[in-house]
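Report on the structure given below.
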Amino acid sequence: MRAILENDLRGRGAIALPRDLIARCGRNFPHKPAYLCGTRMRTWGEMHERSDRLAAALQHLGHRPGQPLAILAPECIEVYEHFYACLKLGGIRVGLNRRYGPRELAHVIRDAGIEHVLVHASCLPLLERLEEEPPLAQLRLIAFGGVHDLNDYETLLAEHDSPPVLPPLDLDAPAMYSYTSGTTGLPKGVVLTQGGIKATLLHSLSAFGFGPDDLFYLPTGNAWSAVMLAMLAVGNGMTQLIPDGDYDTVQFLRDIERHRPSVALVAPVMLQWMLEECRRQAYDLSSLRMLCFGSAPISPALIRAAATAFGCDLLHCYAITETTWGGIAFLSPRDLRHALAERPERLGSVGQIATHFDLSIRDDAGQVLPTGVAGEIWVRGEAQMAGYLNLPEETAQTLVDGWLRTNDIGRLDEDGFLYLLDRQKFLIISGGVNVFPAAVEGVLAEHPGVAEVCVVGVPHPTWGEAVVAVVRRRPGFAELDAASLIAHCQARISRVEAPKHVHFIDEPLPRTLTGKLQKAAVRAWFLEAAVPVPWSLPSRD
Numbered sequence: 004m005r006a007i008l009e010n011d012l013r014g015r016g017a018i019a020l021p022r023d024l025i026a027r028c029g030r031n032f033p034h035k036p037a038y039l040c041g042t043r044m045r046t047w048g049e050m051h052e053r054s055d056r057l058a059a060a061l062q063h064l065g066h067r068p069g070q071p072l073a074i075l076a077p078e079c080i081e082v083y084e085h086f087y088a089c090l091k092l093g094g095i096r097v098g099l100n101r102r103y104g105p106r107e108l109a110h111v112i113r114d115a116g117i118e119h120v121l122v123h124a125s126c127l128p129l130l131e132r133l134e135e136e137p138p139l140a141q142l143r144l145i146a147f148g149g150v151h152d153l154n155d156y157e158t159l160l161a162e163h164d165s166p167p168v169l170p171p172l173d174l175d176a177p178a179m180y181s182y183t184s185g186t187t188g189l190p191k192g193v194v195l196t197q198g199g200i201k202a203t204l205l206h207s208l209s210a211f212g213f214g215p216d217d218l219f220y221l222p223t224g225n226a227w228s229a230v231m232l233a234m235l236a237v238g239n240g241m242t243q244l245i246p247d248g249d250y251d252t253v254q255f256l257r258d259i260e261r262h263r264p265s266v267a268l269v270a271p272v273m274l275q276w277m278l279e280e281c282r283r284q285a286y287d288l289s290s291l292r293m294l295c296f297g298s299a300p301i302s303p304a305l306i307r308a309a310a311t312a313f314g315c316d317l318l319h320c321y322a323i324t325e326t327t328w329g330g331i332a333f334l335s336p337r338d339l340r341h342a343l344a345e346r347p348e349r350l351g352s353v354g355q356i357a358t359h360f361d362l363s364i365r366d367d368a369g370q371v372l373p374t375g376v377a378g379e380i381w382v383r384g385e386a387q388m389a390g391y392l393n394l395p396e397e398t399a400q401t402l403v404d405g406w407l408r409t410n411d412i413g414r415l416d417e418d419g420f421l422y423l424l425d426r427q428k429f430l431i432i433s434g435g436v437n438v439f440p441a442a443v444e445g446v447l448a449e450h451p452g453v454a455e456v457c458v459v460g461v462p463h464p465t466w467g468e469a470v471v472a473v474v475r476r477r478p479g480f481a482e483l484d485a486a487s488l489i490a491h492c493q494a495r496i497s498r499v500e501a502p503k504h505v506h507f508i509d510e511p512l513p514r515t516l517t518g519k520l521q522k523a524a525v526r527a528w529f530l531e532a533a534v535p536v537p538w539s540l541p542s543r544d
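Residue numbers (the numbering used here): 4 to 544.
So this is what it looks like as structure tokens:
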């Protein structure tokens, strides 16, 4: 069946658009579970029928192809029904982050031109704060999941049992506005197309090695849920397990024991949390054949610890929103095992380039750099974005002659393995030397007393910028001090790269929903004098 569906996507069957696979799964796997969430379950037949009903209801309410359709909800099965309905309608899916404040939420609604919002009852207070602003008061809301006095989701589905009219679409048609996490400033919308989703689905199925018998668990809701994994599931008919509530490490491990998933996708920090919890209590994780991770840098020390503790295959994926979350590079289980056994330096790699992308490393002038030299990663492929919504200048700076500038710094080795060094915006220049925070974090993470670490650059009167580290100690290492960690670094990297100052915290570091460190927030601790450093910072006046 997997081969049949992949042939369909390659144009050798009847599948022209991603939406066609939803109908195919509904026909071929009508009684097979598609999504599990707590005590709730939907089969593929039900997902096809209910997304048809939602699409028909939205057409009845006046939705037209090319219009945005938003959803504001915790992770739940309705998120996927909404996404599949959007694909059928030719609507543009917009996920509203329920962790946004009023300013960010209002910006996204205006920027995307949203009129229709499917909203979970628990999220209604987030919209009620915006009632005084006229454009937002005109939103047409459909509510579910609790008591409300709005258009009811289940009632609308019950009233529309005829299939929707499927409009003609092409692969260049927008399918999603995916807003970046916005660690600084207002979120920006990445315009993703039908063709980008199709390309991601086609190539990622084989790269990840998922099969129709897999039970897949993504324990935290984010953009991956609604795009990459929703389409991978519909691409081969596998079953997805959805968390019933916000992420909690103990609950995640208990879910693995109870539901026995074969594959899970986690952020690197979640691997760390899993290891810490498994040291406190034993869990049966034997059902896992593979743990996939990505979205943030990971230290070789953490990979080695995870490989030892969990005993399953590990896969590292490098992907960004602007490539429709299609993996740019993969460190496959085979390559990772080889790195563990014989090539330890390759644990710092994100793997070899995916077959559906071209990649080059370039300098600031856009010239291709030799093998082994660090520079900005440029990529080109069918899955790349159409641009940034309402931001023509930023689009022009990012999309250059058919290539996409990632703003990530990396290098290639002689065998084509990609080493992701850091985000360009996080680069620290200390005494004229480029320092990559992720590399320093990796060295600090090797110390047995370090649970979490974030490295940032802080203004320095002599060096321009100085490297500082914020560290959360592991239990049992209360005596670990800054001098010990600085000496640990100086024994492994240059004195310029080693932290000039280490600050210790007791609470977890601030992170985005996808587990990325909020480095701008950490740096602000120092700039706003909430955390002192042993030198004078320049005035901000």
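No residue lacks a Cβ here, since even glycine has one placed at the ideal position from N, Cα and C. These numbers were taken from a predicted model, which means no experiment stands behind them.
Sorting T158, L153, L61, L235 by C-alpha distance to the C-alpha of V168 places L61 at the top.
Shortest Cα-Cα distance from I245 to any of A481, L39, A267 involves L39.
Using a Cβ-Cβ distance cut-off of 8 Å, the segment 349-368 and the segment 201-214 are in contact, since at least three pairs of beta carbons, one from each stretch, lie closer than that value. In this chain, the beta strand (DSSP E) harbouring Y321 covers 316-321. The C-beta separation of P128 from R101 comes to about 10 Å, leaving the pair out of contact by the 8 Å criterion. In this structure, DSSP gives G192 an extended state, which the three-state scheme calls strand. Closest in C-alpha terms to A486, from the list V403, N239, H450, comes H450. Residue pairing by DSSP puts R43 in a beta bridge opposite C40. The C-alpha of A59 is placed about 10 Å away from the C-alpha of G65. Below 8 Å, enough C-beta pairs join the segment 248-261 and the segment 276-289 to call them touching: three or more. Taking a C-beta distance under 9 Å as the contact criterion, L204 and M234 qualify as a contact pair.
Per DSSP, reduced to three states, the secondary structure at D23 is helical. I432 sits exposed, since fewer than 16 C-beta atoms from the chains shown fall within 10 Å of its C-beta. Annotation for C89: the continuous alpha helix (DSSP H) segment containing it runs 80-92.
Runs of the beta strand (DSSP E) spanning 3 or more residues and lying entirely within the segment 437-500 occur at 453-463, 467-476, in chain order. In this structure the segment 361-370 lies against the segment 382-402, because at least three pairs of beta carbons, one per stretch, are closer than 8 Å. Looking at the DSSP output, F333 shares a beta bridge with C320, Q355. Runs of the alpha helix (DSSP H) lying entirely within the segment 146-183, each at least 4 residues long, are 156-162 in chain order.
9 Å or more divides the Cβ of V403 from the Cβ of G378.
Contact check for P440 against V458 passes: the beta carbons are separated by less than 9 Å.
The segment 82-94 and the segment 31-51 touch, with three or more beta-carbon pairs separated by less than 8 Å. A straight-line Cα-Cα distance of about 21 Å links T158 and G94. Rounded to whole angstroms, the gap between the alpha carbons of D175 and Q141 is 30 Å. Rounded to the nearest angstrom, the Cβ distance from M388 to G199 is 7 Å, consistent with a contact under 8 Å. Shown here, L305 sits in a helix according to DSSP, grouped into three states. In the displayed model, A533 falls within coil according to three-state DSSP, outside both helix and strand. Straight-line measurement puts the Cα of P166 at about 11 Å from the Cα of A88. Straight through space, the alpha carbons of D217 and L20 are spaced by roughly 24 Å. By the Cβ criterion, the segment 498-511 is in contact with the segment 459-476, since at least three pairs of Cβ atoms, one from each stretch, lie closer than 8 Å. Around the beta carbon of M44, fewer than 16 other beta carbons sit within 10 angstroms, so the residue counts as exposed. When the five nearest sequence neighbours on each side are left out, the beta carbons in the same chain lying within less than 6 Å of the beta carbon of Q493 are those of A501, in order along the chain. The DSSP-derived three-state label of E396 is helix. Between A454 and R475, the C-beta spacing is below 9 Å.
The straight-line gap separating the alpha-carbon atoms of L530 and S302 is approximately 27 Å. In the displayed model, H51 falls within a helix according to three-state DSSP.
Remark: C-beta atoms of V473 and F507 approach each other more closely than 9 Å.
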